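Novice: Starting off with a structure, shown below.
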Amino acid sequence: MASISRLAQRLLKRPPSPLHQILTTGFHVLEKGQLIEEERLPHYSPTQFFPVNIGDGLNARYQVVGKLGHGGNSTAWLSRDLNEHKYVTVKVCRRESEQVTREINAYRHLNTLTTSHVGALLIREMTDSFDISNAHGRYPFDGDRTIYKSRSLVITKNPGRPVITDFGEARIGQQTYDDDIQPFQYRAPEVIMGMPWSYEVDIWNVGVMIWDLFYDKNMFHTRGPDGIPDSLYHMAHITALLGPAPLDFLERSHSKRRLEYYDQNGKWKGLAEIPQTSLEESEENLDGEDKGQFLEFIRKMLKWRPEERSSAEELLEDTWLRSETT
944 MASISRLAQR
954 LLKRPPSPLH
964 QILTTGFHVL
974 EKGQLIEEER
984 LPHYSPTQFF
994 PVNIGDGLNA
1004 RYQVVGKLGH
1014 GGNSTAWLSR
1024 DLNEHKYVTV
1034 KVCRRESEQV
1044 TREINAYRHL
1054 NTLTTSHVGA
1064 LLIREMTDSF
1074 DISNAHGRYP
1084 FDGDRTIYKS
1094 RSLVITKNPG
1104 RPVITDFGEA
1114 RIGQQTYDDD
1124 IQPFQYRAPE
1134 VIMGMPWSYE
1144 VDIWNVGVMI
1154 WDLFYDKNMF
1164 HTRGPDGIPD
1174 SLYHMAHITA
1184 LLGPAPLDFL
1194 ERSHSKRRLE
1204 YYDQNGKWKG
1214 LAEIPQTSLE
1224 ESEENLDGED
1234 KGQFLEFIRK
1244 MLKWRPEERS
1254 SAEELLEDTW
1264 LRSETT
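Numbering (the numbering used here), first residue to last: 944 to 1269.
Here you go:
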C-alpha cells in the first residue's frame, strides 16, 4: 500500500510552474546619486552584491517577487518556489565574505545532525544552496543597476515561532579564536581585549541581552562624546558595574589594546572616566528578594573571567529564572 501511495503522489504532483510575468515598471525612481539600502553600507561595492531584479529566475527554480531586506553581507528576497509552489526567502550573499562562508558551513553542519531536542525547532534550516552568476561572471559588475527598497513588513498580532537565523559568526569545534565578533553593545571583555575566546562569550551575550530586554535600554554605555562606539567607554562602564578587572585576566591579553586602557599593574589609566554607578543602582524595577535574586542571576553571566560564568545548563536551574516560570 505504501508503494501505491507514493506512486499516486508522484502522479498527482503538480508540475513546476513557468516564470510569471511580473510588473517591473511604474515604480518611483529616486534621484541618481541618492544612496539607499545596502548602498549605504560602509563596505558596499557593486562587485560584491549580485544585481538581483524583481522577476528574475534563480537556479531555474526560484522567481524573485520582492525585496525583504538587506544585511551587511546579503540581500533577502521573497521568492516563489516554482517546483514546490510555495513562497520562500532567498538570501543572496556577498561574493567574498568570511561571514558568509561560516554561515553556509554552519547550516551544512546542522543539516547533518539528527536530533529530537526541542531546540531544533528554533533554528532555521537551509533547504537549498547554489551559486549564481551573470553575463559578467560571478558578479564582478560595476555599471548601472537597480537597487530596490525593502518591502514594508507589518508586524502581525499572531507572529510565528521565533527562530535563530544568523550564523555568520558561528564557530564549530572546541578551539579558541581571537578575532572581533558580536555587535558592539554585546561584546564580551575578552573580545574587546583581543584575548582568545570560546563559548563563554555567548553566556555574556545572554546576560546583557536579558538586561536590555528587561529594561528596554542598553546595559552599557558604549559611545564616546562624539556619539561613535568606542571600546574605551565600553570598558569603563563594564568596570563601573562589575568592579576592576582582575590582573590575571588582563595578563591574558597580548594585544596592544590592554595598554590603551590599563597600565602594567592593571590600573585603569583614566583616559575615560569610570561612571559612578553600580549594578544595584542601575536596577530600578525590582525590590527586596526579587531584586537580589535577579542581580545574582545576571552576575552569574557577567564575569570578567570567562571560566567563572555559569553554563547554560546551570542557568536553567537558577532560582530567579525558575521562580518567574512557576
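Even for Gly, the Cβ is constructed at its ideal location relative to N, Cα and C. Computed from a prediction, not measured in an experiment: that's the story for all the values here.
(1) Use the C-beta contact count for asparagine 1208: other C-beta atoms within 10 angstroms, 16 or more gives buried, fewer gives exposed.
(2) On the three-state DSSP scale, how would you describe leucine 1258?
(3) Using only alpha-carbon positions, find the residue among Val1151, Ala1003, Val972, Lys1199 that is nearest to serine 901.
(4) What is the DSSP secondary structure of lysine 1243, reduced to helix, strand or coil?
(5) Would you identify the three-state DSSP class for leucine 962, choosing helix, strand or coil?
(6) Between Pro1189, Pro958, Gly1231, which has its C-alpha nearest asparagine 1026's C-alpha?
(7) Anyone know if the C-beta pair for threonine 1032 and serine 1040 falls short of 9 Å?
(8) Bridge partners for valine 1035 per DSSP, in chain order?
(9) Whole angstroms are fine: how far does the CA of leucine 1184 sit from the CA of threonine 1089?
(10) When the distance is taken between beta carbons, is isoleucine 997 closer than 9 Å to lysine 1092?
(11) Buried or exposed for threonine 1182, going by 16 or more other Cβ atoms inside 10 Å?
(12) For histidine 1177, count the other beta carbons within 10 Å of its own beta carbon; 16 or more makes it buried, fewer makes it exposed. Which is it?
(13) What does DSSP give as the partner residues of histidine 1013 in its beta bridges?
(14) For the alpha helix (DSSP H) containing leucine 1053, name the first residue and the last one.
(15) Using CA coordinates, which residue listed in Gln1042, Ser1196, Asp1155, Gln1236 is at the minimum distance from asparagine 1016?
(16) Can you tell me which of the three DSSP states serine 1253 falls into?
Specialist: Let's see:
(1) By the neighbour-count criterion, in which a residue is buried when 16 or more other Cβ atoms sit within 10 angstroms of its Cβ, asparagine 1208 is exposed.
(2) Helix.
(3) In the structure as shown, the chain starts at 944 and stops at 1269, and residue 901 therefore has no counterpart that could be examined.
(4) helix
(5) Of the three classes helix, strand and coil, the one that applies to leucine 962 here is coil, per DSSP.
(6) Pro958
(7) In this structure, threonine 1032 lies away from serine 1040, with their beta-carbon atoms at least 9 Å apart.
(8) Thr1018
(9) Looking at the two C-alpha atoms, the distance is approximately 48 Å.
(10) no
(11) buried
(12) buried
(13) Partner(s): Thr1018.
(14) 1041 to 1054
(15) Gln1042
(16) coil
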